[in-house]
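Accompanying notes for the structure given below.
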Ligand code: MG
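Numbering (the numbering used here), first residue to last: 30 to 186.
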């Protein structure tokens, strides 16, 4: 059994949607990012890589590499799952937290959960998606960006 954690932040920028957990959500802003800027999937990817002792997302998918420009972050998660599988592990469960004043994910929570479960090749009940504001404090509180945390447990396949 191995545990991993991940954290990610993106600043808001011009745009009309954000990607969260592989789900496109309409919003008053987009995010500034080299890839599609999906904070939930970036935190998740780091948690997966961390659990397997495989470093971090920046080592595997550097933002200096033009291959990853505008890339769907789902591809990062799929690649991480593949690496983990090669080492004989599968995901037992994942728990994710979004920190943001907006967008509110309530209406999208089930879709995000299903999307992440599909990427991780687990049942939906093995994925939990939470959200919190930071009570108007800090960069998330001021609406300057959003952050995400993820924890995953890997077990032998
Ligand atoms: Mg990121």
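Backbone N, C-alpha and C define an ideal beta-carbon position, used for all residues, glycine too.
Since we're looking at a predicted model, the values are computed, not measured.
Contact between residue 121 and residue 155 holds, since their C-beta atoms are separated by about 7 Å, short of 8 Å. A straight line joining the alpha-carbon of residue 105 with that of residue 71 spans about 8 Å. Within 7 Å of the C-beta of residue 52 there is not a single heavy atom belonging to the ligand MG. The beta carbon of residue 116 sits closer than 7 Å to those of 81, all from its chain and outside the five residues before and after it, given in chain order.
Annotated three-state conformation of residue 96 is helix, per DSSP. Here residue 128 is actually not in contact with residue 62; their C-beta atoms are around 17 Å apart, not less than 8 Å. Beta bridge pairing from DSSP links residue 124 with 157 and 180. Here residue 55 is exposed: its Cβ has fewer than 16 other Cβ atoms, across all protein chains shown, within 10 Å. A residue is listed when its beta-carbon falls short of 5 Å from at least one non-hydrogen atom of the ligand MG; in chain order these are 37 and 71. By the 16-neighbour rule on beta-carbons within 10 angstroms, residue 132 is buried. Counted as a single uninterrupted DSSP element, the alpha helix (DSSP H) harbouring residue 78 occupies residues 68-80. With contact defined as three or more Cβ pairs closer than 8 Å, the stretch 92-99 and the stretch 132-143 are not in contact.
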